[in-house]
Structures are given as C-alpha cells and as structure tokens.
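Report on the structure given below.
Number of protein chains: 2
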Amino acid sequence: MNDHKRPAAKTTRRRGRELLDAIHQAVLLEVAETGLPGLTMEGIARRAETAKTSLYRRWTSPEDILIEALRERYPRENPTADAGGLREDLVAAIGLMRELMGDRILGPAMLAVNSEAMVRPELHRRMWTEVYDPQGERFTRRVMEHYAALGHIDPARVNDLTADIGESLMLKYAVDHPGELPPKGYEERIVDEVLLPVLGVRS
Amino acid sequence: MNDHKRPAAKTTRRRGRELLDAIHQAVLLEVAETGLPGLTMEGIARRAETAKTSLYRRWTSPEDILIEALRERYPRENPTADAGGLREDLVAAIGLMRELMGDRILGPAMLAVNSEAMVRPELHRRMWTEVYDPQGERFTRRVMEHYAALGHIDPARVNDLTADIGESLMLKYAVDHPGELPPKGYEERIVDEVLLPVLGVRS
DNA sequence: TCACTAGGCTACGATGGCGTATCTTATGTG
DNA sequence: CACATAAGATACGCCATCGTAGCCTAGTGA
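If you're matching them up, the sequences are chains A and C in order. Under the numbering used here, residue 482 is the last one in the first sequence; the count climbs by one each step, no gaps. Under the numbering used here, residue 482 is the last one in the second sequence; the count climbs by one each step, no gaps.
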C-alpha cells in the first residue's frame, strides 16, 4: 500500500521551531492527562505525531522535555504594583494565580507537576531553579511591600506568612475542588475578609 | 535443614488480623515511597512478604488496599473545643494537621494520595466518602463556631473562607518545603498574626 | 543541483506489572 | 485428630515501555 504521493499530512516534515513547539504542546497535554509519573517518551511521541527516536535525540527523559516546555510557556507577567490602590493590586496579584489555574493547558500541567513535586524534593528544587526563579514571582509580597513603603500599611505585618495567605487559599481551593476554578469574586473575598484585616486596614 | 521447629520467620504463617495489619502497613510504606501511581500489587506483596495471590483474593486493586488502610489508620481525634480559650483551641486545631504531617508513615502516605487526588476527582471523592467523612474533621471551624456562639467573636466572620486559612497555610508550607515540617511556633504565628486579626480579635 | 542534516520509521531484546490457574501446606476448629 | 480454609509458592501469557540500532528520506542551504 505505498502510494507514490502520500497524503499531505504525512509528506510535510516539521523541523526546528515548528516541531519543537508541537512537542512542547504535546508534553503539556500529556502530563495533564496522565500525570507526571505516567509521562512517557512513547506517549509524547504519539501525541506529537513524531518518532520516539526524534525525542531521544534531544532529550534523555520525559521530565526534561516537560521542564523545558514549562520554562518556555510559563507566564512572565509583570505585576504592575500601584495600578489601582492596595485593594485592587492585591486582587490582581491573586488573580494571576487564577489565570494560571484557568489556563486549559498550563493549568492542569502545573497541577500535575506540583502534586508530584510535593513528594519529590529534587523535582521541587528543579522547578524553582529552572522554571519559577527565572521569572521572579512573589507578586503579592511585592504589592504589600510597595504599600508598606508608602506608609499605607504597617511594615511589621508584611512577612513570609502574611504574604502567603492569598496563594495558599487559592491553592487550598484547588485541592478541595479538583478540576474547578474558584467562584467569581473569590479573590475579592480573600482580600476583603482576610488580607486587609491581617494588614491592619480597617474596612 | 528441616527442623521440627523451623525459624519462626518462615514457619509462622500469618493470618487474619496479623496479616491484614502487615499488608496495611506495607501499602502505606509503599505508597509513601513510590507514589500512588507507582503502587502495585507486586510491590505491596513484596513489602508485606506475602503472595500476590493472597492480595488478589481479597482486593481487586492496589488503591482499594490503600483506602482500606487509610480508613483504619486515619486518626479520629476528638477536638476538645473549650480546652483553653479561643487562641489555644485554634492552635491545637491547627496542630492536629502538624501531627498528621509529622507521622512518619501516615504523613508521606497522605501526601502522596492527596497530590494524586488533585488530579483525579474520583479519588478525591473517594477519600472524602470513605476516609474523611466517617470521622468528621473541620476542627478549626468547629472551634470558631463554638466561640462565636459564646459571643466572643463575630459570627459573621466565621465562614468557609476564614475557617480554611489555618489548614491552607499549613498545606502551603508542605508544598513549598517538601519533606519538612513547619518550624516550632508556626501554628502560633498563624493564629496570632492571621486568624485572630481576621476574626476581629484585637491583640 | 547536490550533499548534509534533521527528522521519521521499524525492529529488537529486556524488563516488569498484570491477572489467573494450579498446587502445596500451615493452622485453627470442631 | 481430621478436615476445611486461608495462605503461600510457582508459573503462565499478555502487554507496554524502555533505550538503542539501522536505515530511509524530506528539506535546506551552499
């Protein structure tokens, strides 16, 4: 059954950037579906419609592909502190996390990776050194420090613990409601009912 | 080399409770080490030093064994509200979570299960219906409601969000510091710096 | 236009888990 | 003490992934 002219889909051979993007896409979809431990070279190859050998030529493990994909795709948003006052900036900072969770591809992928990272410290370290660190992060804290410097809030109230509250509540929501996003207005509630009181801002 | 009395280790054939306990122990250790997706009938059998067939006789999947083991071993502590006043009770309630995290066997096992559950809603549901629900839980909330009923705090401040803060911060600590326990005094900081201000208790 | 390179295809033995069947034997009960 | 039952041991065919080898070919750029 060998045609002289095969169907276009088969004759077009992707290379370089195009192929790389397809593989990155594939590894993210794959990990979202099967979980990190279920991530396999064959699976990635199947989904990317490429050959296993092509993968082995460049990477030595599924995890390497994944980390590379994440490093490229992970959002590097620049949080504009002082965009709308303390309250709005806090809401926006926490909202960044919702955006990530809500991303149809990145969201589930990050979830899968992070849940593995809880159990594998090396992976956790790797994510920080190879994915998160290059970007910065810690938005909420930056916002808090900004307004503390302006004298709007007591600097003593800004620390590792208080800066973590917002993200931790979003995280817990994800843990308690797998596959769901927090309801509309959740960030606002976090800010109004928790963060502002903690920062000593009276409503 | 056949003594009438062989070495206890080989001649003693465990059954019933004794064997069951060994299997439960094995599945917990196993899942802590390999993660839930790595959990396998053969692995459990090896670790429990029993035969794979003995496992298949009673269960149909590694996960079933695990859930059963968790249901039996999961602590069913009765939170004594009103043991030492609002602050102390809150610290104690959050401390229950540390106890669990610190348990050398149950801690890692729960971690592994929960991280999988984030990605597998059915597992999440199963944990709630078959492990958590039978016990009650929601300690922090119970404490808060107790003192709200006494008029010590504003009932309006007690809700799903505020009741989650303590556990969520402990959870985030676990996520950010795999394999570590929060430092001594962490629960106290959570209560003093976050919960009390949120509940409107002035320090 | 031609040669080189990157990508694609197939096959391979190895490993390890799956779930089942079959047989042997220890152990507590009646 | 004999027996029914629960536990242990061994073996099987099946399947998926592993990582590598060998070869083929499309696309690119000199």
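Don't be surprised by glycine CBs; every beta carbon is placed ideally from N, CA and C. It should be emphasised that the depicted structure is a prediction, and the values quoted were computed from it without experimental measurement.
Between A:Arg420 and A:Gly479, the C-beta gap is not smaller than 8 Å, which leaves the two residues out of contact.
Of all C-beta pairs linking the segment 362 to 378 of chain C to the segment 448 to 461 of chain C, three or more are shorter than 8 Å, placing the two stretches in contact.
The C-beta separation of C:Leu390 from C:Ala348 comes to about 15 Å, leaving the pair out of contact by the 8 Å criterion.
Among the residues of chain C, none has a CB under 9 Å from the CB of A:Leu365; the nearest is roughly 16 Å distant. Residues of chain C whose Cβ lies closer than 8 Å to the Cβ of A:Thr441 are, in chain order, Glu472 and Val473. Non-local C-beta neighbours of C:Ile346 in its own chain, meaning closer than 7 Å and more than five positions away in sequence, comprise Arg405, Glu409 and Val410, ordered along the chain. In the structure shown, A:Lys463 adopts coil according to DSSP, grouped into three states. Distance from C:Pro316 to A:Gly458 at the Cβ level is roughly 18 Å; contact not present, criterion being Cβ atoms closer than 8 Å. DSSP, reduced to helix, strand and coil, places A:Ser340 outside both helices and strands of the structure shown, so it counts as coil. C-alpha of A:Ala427 to C-alpha of A:Asn438: approximately 11 Å in a straight line.
Nearest in C-alpha terms to A:Gly363, of all of A:Glu351, A:Glu309 and A:His425, is A:His425.
Looking from the CA of A:Glu351, the closest CA among A:Trp407, A:Asp300, A:Gly430 and A:Arg481 belongs to A:Asp300. Boundaries for A:Pro354: no alpha helix (DSSP H) harbours it, and the DSSP string shows neither H nor E there. Listed along the chain, the chain C residues whose CB falls inside 8 Å of the CB of A:His403 are Pro457. Nearest CB-CB separation between C:Pro476 and chain A: below the 8 Å threshold.
Interface with chain C (8 Å Cβ-Cβ cutoff): A:Glu395 is included. Annotated as proximal: C:Ala305 and C:Ala327, with beta-carbon spacing under 8 Å.
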